[in-house]
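Number of protein chains: 2
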Amino acid sequence: MSKRVVVVGAVAAGPKAAVRIKRLNPDIEVVLIDQDSLISYGGCGIPYYVGGDVADEKELRSTSFHMLRDEHFFEEAKGVTTMTSTRVLSIDREKKTITAEHVATNEEEEISYDTLMLATGSEPIIPQIDGIDLDGVFSVGNLHKAIAIKERITKGLVGKAVIIGGGAIGIEMAEAFKDLWGIDATLVEFKDQLLPNLVDWEMADILAKHLRDNGLEIFLGEAATEIIGDDSGKVCGVRTSNRQIEADLVIMAVGVKPRSQLAKEAGLHVSAGGAIVVNEHMQTSDPDIYAAGDCIEITNLVSGSKFFAPLGSLANKQGRVAGDNIAGIPSTFKGGVGSFIMKGFDMSIGSAGLTLNAAKQAGYDADISLTSPIDRAHFYPTQAISCFTLVFDRRTRRVLGLQGIGPMGDGVLARINGAAPLLCEGAVIEDFNNIEMAYSPPFSAAIDSINAAAYVADNLCDNRMRKIDMREYFDFMDAPEKEPDWIMVDVRHPKQAEPFIEKFGEKHWISMPYDEVRKRYKELPTEKTMIIICNAGSRSYEVQRFLDHNGYTNNKVLAGGINVVRRMNVDWLPET
Amino acid sequence: MSKRVVVVGAVAAGPKAAVRIKRLNPDIEVVLIDQDSLISYGGCGIPYYVGGDVADEKELRSTSFHMLRDEHFFEEAKGVTTMTSTRVLSIDREKKTITAEHVATNEEEEISYDTLMLATGSEPIIPQIDGIDLDGVFSVGNLHKAIAIKERITKGLVGKAVIIGGGAIGIEMAEAFKDLWGIDATLVEFKDQLLPNLVDWEMADILAKHLRDNGLEIFLGEAATEIIGDDSGKVCGVRTSNRQIEADLVIMAVGVKPRSQLAKEAGLHVSAGGAIVVNEHMQTSDPDIYAAGDCIEITNLVSGSKFFAPLGSLANKQGRVAGDNIAGIPSTFKGGVGSFIMKGFDMSIGSAGLTLNAAKQAGYDADISLTSPIDRAHFYPTQAISCFTLVFDRRTRRVLGLQGIGPMGDGVLARINGAAPLLCEGAVIEDFNNIEMAYSPPFSAAIDSINAAAYVADNLCDNRMRKIDMREYFDFMDAPEKEPDWIMVDVRHPKQAEPFIEKFGEKHWISMPYDEVRKRYKELPTEKTMIIICNAGSRSYEVQRFLDHNGYTNNKVLAGGINVVRRMNVDWLPET
């Protein structure tokens, strides 16, 4: 044997590296160790297993050709020595050994390595609130928890579930409960929006409305303060800062953190946030120890700073790069932009790069273009509206991020995937103007949603377009008396404006159809601040350009238009 | 009035530039001229109008907010002086005037310009074969033809249609005839594959099989030599190099060419292929004359050479850039990679960059990776197989193109859109290894199809993988006796191998399950050339690595695997 590589952790990055090393150099002895009995599973599939889309947990740990990826598979098909139910207790970097404990027997074993790879993954953050240990409180940290949750459901023990945490996993679990099982599911999120670090509030609000329309109860800006149990020690409710919610099952999904205790104790460089620090070759501060997957931090290719991006897709890429380098092929993983996509009932929501919030915090002169384009040729029968937010820096015109929400399918994905490679390259708005998304009527509009979003950003940066943001607009609609000077100029078809005029009165809402503005603009109440309103924002912009040119500059465009408003949680829309 | 801009051509690039100029500088007088009475229509929508997805042709020339884009719309809503049914006869560059003829009256008019923009589009190539002028022979060059075709169909006059040309428009028209109207539709293509310049033969062959499965008759490698008429002068058939086909309607869809006569006669620089030559600002050889859309050639950002890419999406981008420059905002259009997508019944097929053929002709040391990945997490219920071809240069490892075919939906689009921006940047395989496509189980596999395609290319370039191409394999299967030394080693489940062994005999086809190779490889007929076969090619590659390492190097992998074979036009597959 020329060399022994020990890989700790056998879910995603670990197995990927292990088998890659064996393929690159079958002479290398590879030992794959995991504390769990179940390994190499698709953790991202857990909500679909709980929800019933995936019937058997074995499917989550099978290959696409239906072989179970257990220790025998790795031994026989891959030639990797595989030790499950074996916990690595410590690393001796001097001696280049690890000490492992066989969980069943508590027997300890010392194993020497030439190269060590840590793929210890992440673990759920468990807030230390009262009742956290009650029977019926679960995290979704591994497959055993998922199996236990599903067992309770199938036994009919779950009628009401509370999910604490409005991130991707929380939302997916809530949908899983509600959609197939009809369980009353309530989501509680501490921050004032869903998916707080992944999208800005406009996209999150559209998602929240859709989830509510599908029967989920959602409470935002509420902290879960206590989990309540009955006399038998079983969970029966959740107390939040605002209310008490009945529950016979509680899911803790407030986030995950890198599992890096082993690395820390071995004296490896670990970040303040607890992530193992690696270079582009996936090497830790000890050149004989590599790390990859959810336990590390990576470079954000937009901002250049480090971030924690626990995603199965990245873990696999990092595992491959680590494997290459361990086997002697120089290879690099430069970082990521956090490309993200998820399903929420009949919608899909995705993002890449920085949110507006994150961009501002990082010091950019950040702004957004909010658009609501039709996702295919407008004459094509399956067309529908999606909403996009492009985040950019006004000073450098650099594009910092893209977010989108639209009908379920791969339409939003296609735009996120189109944007992600450019975000890595430091692209500016002009690059996005001309990004060449594939076109034909069943797939996109001739001007793709990404191009359209960039056009608006371009017009904003050049100060050809002045907008009010949705938040500002909602604040006004909640209390119009605060801005007595504002008036809505609705440039849509008069029939569309009618119910709004009826509801809000001509003091606040008037109609001036788009194609009549050139003739009739002198009728406009130019002494007021005119908020120009249409469905998508584009007609409003055209009208703005015309009015500005004619000296009526006291006007602003409602960015995104009524298309966006209709998809958000507002209670003041007239019935139409 | 400060300045007058005359725009010739009012379909896509022309109107886009015209309205952009008015928005940027309302002081500029913009005159939009078209020889047709119908303008600003979505020409790419014609097959969907003929097929019935779009009920009324007016939808093709309406805005998304249901306003008809006729001359009144451009005048009133956009402030653009619009002259329809007006043909521009000549340009006097000295005097800076054009001479236009009003089609209805034959009256001529001279119009002066400060800046002229040519957006004269493309026109169908009409091969001069006998019978081309018969009643019932149509091109799809404009909306009038589309209306006339649909009228014949709705009157019940079309029972059998022949489409000459297997490009995108030909295929879309054939589907339109067959799918809704039940018309017997036959496609005749001179080259030996469909979509000859857009994809390589493997993808084209998969599409052809799917179209045939949906009832289209397809004849490849056949030239239409004559269109046959009856005594009344109506078309009744098409003669090809191989046969005679009945038809009461014939569509000529052999391609389009730039409409550049006007430019040529004005002495502007026009390419050998007839396309107007422009710089990055869309300026022709006369700095006061711009051109954009289907009448120009653009830079191929992969090869650096010029190409003709008549696409509505590019026309719009170019129109915007031309408009910017004309209105005084410096702006550039650098070129394109020919991103392409289309629907064919229940499949979608797309590409970007160079095909293998084009890459070889351009002098690259080009090769492909052919893969057949599952398009979502393999455990997710809607998962399906797609097929991808990544074209790359073995010497520089530069990625030159991507092609894909899969289920209808935006899945292939999402990969083409992901690849296109990187192709422009001159990305190499390693960039594609790590390209960060968004992931969750309903949308993709943890290793996205693009990453998987790049991994295979990586292994090929490093000579870790040796393959036989599909063509080579098909040749063998057609005449196995020619290579008596070859034997298929099927590493799938023995049940999957069984019907193949039964059909071809153990002389040609043996079973050696993937997970038993490490134990049983000495049983293999290593004196023969072993073609290792699995469903997708990945297990075969693993087995190849192992066999090579053990000195059994006389083996090759069937790239793409049985997944690809099953989707192609082969008659030798055993029934299963």
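Taken in sequence, the protein lines are chains H and W.
So the first sequence is numbered by the working numbering: it starts at 1383 and just counts up by one.
So the second sequence is numbered by the working numbering: it starts at 1383 and just counts up by one.
Quick reminder that beta carbons are idealized off the backbone N, C-alpha and C, glycines included.
Small disclaimer: the values here were computed from a predicted structure and weren't measured.
query                                                                                                                                  : result
Start and end residues, beta strand (DSSP E) containing W:G1619                                                                        : V1617 to T1622
Coarse secondary structure for W:T1536, derived from DSSP in three states                                                              : helix
Proximity test, Cβ basis, 8 Å: W:K1385 and chain H                                                                                     : no
CB contact below 8 Å: W:V1436 versus chain H                                                                                           : yes
Three-state class that DSSP yields for H:V1401 in the structure shown                                                                  : helix
Integer Cβ distance of W:I1787 from W:I1731, believed to fall under 8 Å                                                                : 4 Å
Beta-carbon proximity list for W:V1436, same chain, < 8 Å, skipping 5 on both sides                                                    : G1427, Y1430 and L1442
Under the three-state DSSP convention, the category H:Q1743 falls into                                                                 : helix
Contact with chain W by H:G1943, beta-carbon distance below 8 Å                                                                        : no
Stretch-stretch touch, CB-based, cutoff 8 Å, three pairs: the stretch 1692 to 1706 of chain W with the stretch 1827 to 1841 of chain H : yes
Local Cβ density within 10 Å of H:G1887, reported as buried at 16 or more and exposed below that                                       : exposed
DSSP state of W:C1843 mapped onto helix, strand, coil                                                                                  : helix
Residues near H:D1867 in its chain [Cβ-Cβ closer than 8 Å; skip 5 each side]                                                           : K1910 and T1911
Sub-8 Å separation of H:Y1934 and H:L1955 beta-carbons                                                                                 : no
Given 8 Å, three or more beta-carbon pairs between the stretch 1757 to 1771 of chain H and the stretch 1618 to 1626 of chain H         : no
Proximity test, Cβ basis, 8 Å: H:N1682 and chain W                                                                                     : no
Spatial neighbours of H:V1925 in its chain, beta-carbon cut-off 6 Å, leaving aside the 5 residues before and after                     : V1873, V1899 and I1914
Interface residues of the stretch 1760 to 1787 of chain H facing chain W [CB-CB below 8 Å]                                             : H1760, F1761, Y1762 and P1763
Those residues which DSSP pairs with H:W1868 across a bridge                                                                           : H:T1911
Inter-residue spacing [alpha-carbon to alpha-carbon] between H:G1978 and H:V1652                                                       : What the structure shows of chain H is the stretch from 1383 to 1958, and residue 1978 of chain H is not part of that stretch, so it cannot be assessed.
Option nearest W:S1920 by Cα separation, candidates W:I1944, W:M1499 and W:D1515                                                       : W:I1944
Per DSSP, the bridge partner or partners of W:G1718                                                                                    : W:N1682
W:E1489, buried or exposed, once every other Cβ within 10 Å from all chains shown has been counted against 16                          : exposed
Short Cβ contact (8 Å threshold) for H:V1617 with H:K1532                                                                              : no
Those residues which DSSP pairs with W:E1453 across a bridge                                                                           : Paired residues: none, contrary to the question.
Bridge partner(s) assigned by DSSP for H:T1468                                                                                         : H:H1484
Within chain H, the residues that W:A1734 reaches when beta carbons sit closer than 9 Å                                                : E1818 and A1820
Cross-chain neighbours of H:M1724 in chain W, by beta carbon under 7 Å                                                                 : S1822
Residues, ordered as in the chain, of the stretch 1588 to 1607 of chain W that lie near chain H by beta-carbon distance below 9 Å      : none
W:P1895 versus W:M1870 - alpha carbon distance                                                                                         : 13 Å
Residue closest to W:G1396, alpha-carbon to alpha-carbon, out of W:M1724, W:V1703 and W:N1951                                          : W:V1703
Inter-residue Cα distance where the pair is W:K1440 and W:G1424                                                                        : 10 Å
When W:D1416, W:K1542, W:V1519 and W:G1434 are compared against W:G1480, the one with the closest alpha-carbon                         : Checking the displayed sequence, the identity of residue 1480 of chain W turns out to be Ile instead of Gly. That would be W:D1416, whose Cα lies nearest to the Cα of W:I1480.
Closest residue to H:Q1643 among H:A1734, H:A1635, H:I1658 and H:L1569 (Cα-Cα distance)                                                : H:I1658
CB contact check: H:E1533 to chain W, cutoff 8 Å                                                                                       : no
Three-state class that DSSP yields for W:M1894 in the structure shown                                                                  : coil
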